[in-house]
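Chains as they are written, first to last, in the numbering used here: chain G, 1 to 343; chain R, 1 to 343.
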């Protein structure tokens, strides 16, 4: 089916003693990736972020490590990226507008998700950064009734019935991926694209449309209220635990794989109703069952055509990765973190 | 299957006495659209072009008409569009990088095909231009083995096996379409998206990957050489005659349809081999049969998965349009124009 994965010795970066940058570093995935690289002995990890979405809180626990440098910068300013990428062995590019922010400001979202990728790739070319890991998304398979069954790397982009912001987001990730391919073709830039499914985990924020159910359900049951599900709760979501993604980023840097795009999803999908029920159970309130509500037509909703599963077999083949943390375990970690953070 | 077409009396523009602008006007489709609008009694037609691809030649025959104004401007400069769109009833937005130019300069291509659309829509909002016709492309169905059978408006975007520039082009048109939808949703901008199939006709240039076979075959047989076909010539192409598209643009302006995207393709698809043979026959050299050559891997090629046909039934339903000029007739007109132009 798929072509064999391209491999090149120069694509493989050793983490121990290496120098890396995470663009969009002050984020859920960014801070976890930084932890992972530090744990594996990286000599330096730079966290590049403009702090428009990222927060100092997300990386506060990392700042005491002498190997960590926080760079406040904007990926739309090429000169800032050029300065920040000097001497790097590898770069993980996470910074992006997601669907909700794309809906608020598509003008800026297109800039960040497309020109931003061009600037990052241009800086890596200029400074000979050997390996780029680009965070794409299962949004490249789109939304709406066409999205169902097993989503593999060859699945086309469906958009009928989806809101403009979701399609813009998915298309922007398709563009970002092709800019990586183009950089490989033009000047041999080694890269791995990871198509993240919906991320969740410690330091979960309120910006991701799909993960909102987790934090909103947790908030509700702690107030003693029933969690709310929009519709009948039967639609599929396929999450991936943030620590598993951090490991995927690190393994993509280490791997000799290049010029490839692979799915990184959790062990199994869940339905919204299963998710909400699980959160209530872990929170000790299994009695607070989900209340089903009609959709609000003014809000961005992400729909699919029914049961789907994001296949991650290719990731094992390409970079040796597979998810390790199941949904219940990952949720327990996330909720414990939220309880600790709330004091 | 499809939702019923949205209709609104204010979306319908009367051509007679109306004021219109064609962005990317100094082009194959632009000049034909200008002719069509003039023939139907438009009071004014502005041709906005930066002349980077467009040419003075393409519109030389129009300049003597007092109703025509040529505006040299750049869609990346919003203030130029703001000045040029004052007092308009409708606008046809054609300006874009196609696959070959996207391959040469993806940086500029993304600017023109995305930011350019945003600027055009912003200017139309500011100056209350009632109707926008946006030239999209069957590239929104993508390329590669997934593209086969009947391509209808709901067909997803396929990209496996396609070169980066082709995917960037297709994705840029998906983005442009969604920006129109977003403008409709946010501030009621009426628009019709026409998904052009491959255009051909009088004033054919060398910039469109798919139409190259026509002009290159014509050039070859006039030199007494056999035309060259890359591969076995069995892949499908679905052309549309430029005059049919000019009519579609005009009918989209006139129609009360809004917030809709429709295919505008010619009567029937052809294979590359049929096309090349037809051009040789019309040129009076049926003896010069096609010579099949192996593909050059360094060149951008647009492939599909086999026989496909771009369905245009929805266009009849939405704006009353269907193609009128068959491939042999259209080719005869194109080749006669080339022979006249060559003197």
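We put the CB at the ideal spot given by N, CA and C, even for glycine.
Just so we're clear, the structure is a prediction, and the values are computed from it rather than from any experiment.
- Pairwise C-beta distances place the segment 120-139 of chain G in contact with the segment 73-82 of chain G, as three or more of them are shorter than 8 Å.
- Listed by position along chain G, the residues whose Cβ is nearer than 7 Å to that of residue 160/R are 154.
- Residue-level contact by beta carbon fails for residue 267/R and chain G, as no gap is shorter than 8 Å.
- Per DSSP, reduced to three states, the secondary structure at residue 21/R is strand.
- Excluding the 5 residues flanking it on each side, residue 165/G has same chain C-beta neighbours closer than 7 Å at 99, 102, 103, 106, 300, in chain order.
- Flagged as an interface residue toward chain R: residue 174/G, by a C-beta distance shorter than 8 Å.
- Of the residues 187/G, 193/G, 25/G, 150/G, the one whose Cα lies closest to the Cα of residue 308/G is 150/G.
- Taken through DSSP and simplified to helix, strand or coil, residue 228/R comes out as strand.
- If you draw a straight line from the Cα of residue 236/G to the Cα of residue 30/R, it comes to about 46 Å.
- Within the segment 101-118 of chain R, contact with chain G at the beta-carbon level (separation under 9 Å) is assigned to 103, 106, 107, 110, 111, 114, 115, 118.
- Put simply, of 276/R, 173/R, 249/R the residue whose alpha carbon is nearest the alpha carbon of residue 214/R is 276/R.
- Here the alpha carbon of residue 43/R sits roughly 11 Å from the alpha carbon of residue 88/R.
- For residue 178/R, at least one C-beta of chain G is nearer than 8 Å to its own C-beta.
- For residue 116/R, the enclosing alpha helix (DSSP H) starts and ends at 116-126.
- The beta carbons of residue 279/G and residue 238/G sit about 16 Å from each other, so the pair does not count as a contact at 8 Å.
- The three-state secondary structure of residue 193/G, taken from DSSP, is strand.
- Going by DSSP, residue 240/G is part of the beta strand (DSSP E) stretching over 239-241.
- Relative to the Cα of residue 94/G, the nearest Cα in the group 176/G, 129/G, 256/G, 316/G belongs to 176/G.
- Here residue 259/G is not near residue 312/G, since their CB atoms are 8 Å or more apart.
- Comparing alpha-carbon positions, the option among 233/G, 112/G, 323/G, 74/G lying closest to residue 293/G turns out to be 233/G.
- Boundaries of the beta strand (DSSP E) harbouring residue 292/G: 291-293, taken from the DSSP string.
- Residue 125/G does not reach chain R, its nearest Cβ partner there being about 13 Å away, counting only Cβ pairs nearer than 8 Å.
- Using a CB distance cut-off of 8 Å, residue 273/G does not count as an interface residue toward chain R.
- Around the CB of residue 144/G, 16 or more other CB atoms lie within 10 Å, so the residue is classed as buried.
- Residue 181/G is classed as buried because its beta carbon has at least 16 other beta carbons within 10 Å across all chains shown.
- Close CB contacts of residue 334/G within its chain, under the 7 Å cut and outside five residues either way in sequence, are with 200, 201, 202, 204, 214 (chain order).
- The segment 244-287 of chain G contains, as complete alpha helix (DSSP H) runs of 4+ residues, the segments 272-282 (chain order).
- Around residue 174/G, the same chain offers 140, 157 as residues with beta carbons nearer than 7 Å, after the five sequence neighbours per side are excluded.
- Residue 150/R sits in a strand when the DSSP states are folded into three classes.
- Residue pairing of residue 134/G in beta bridges, as defined by DSSP: 93/G, 193/G.
- DSSP, reduced to helix, strand and coil, places residue 78/G within a helical segment of the structure shown.
- Between the alpha carbons of residue 97/R and residue 111/R lies a gap of roughly 9 Å.
- For the segment 58-69 of chain G, the set of positions with a beta-carbon nearer than 8 Å to some beta-carbon of chain R is empty.
- Taking 3 residues as the minimum length, the beta strand (DSSP E) runs contained wholly in the segment 157-216 of chain G are 190-196, 198-200, in order along the chain.
- Comparing C-alpha distances from residue 324/R to each of 310/R, 265/R, 92/R, 274/R shows the shortest one belongs to 265/R.
- Interface flag for residue 243/G against chain R is unset, since no Cβ pair is found closer than 8 Å.
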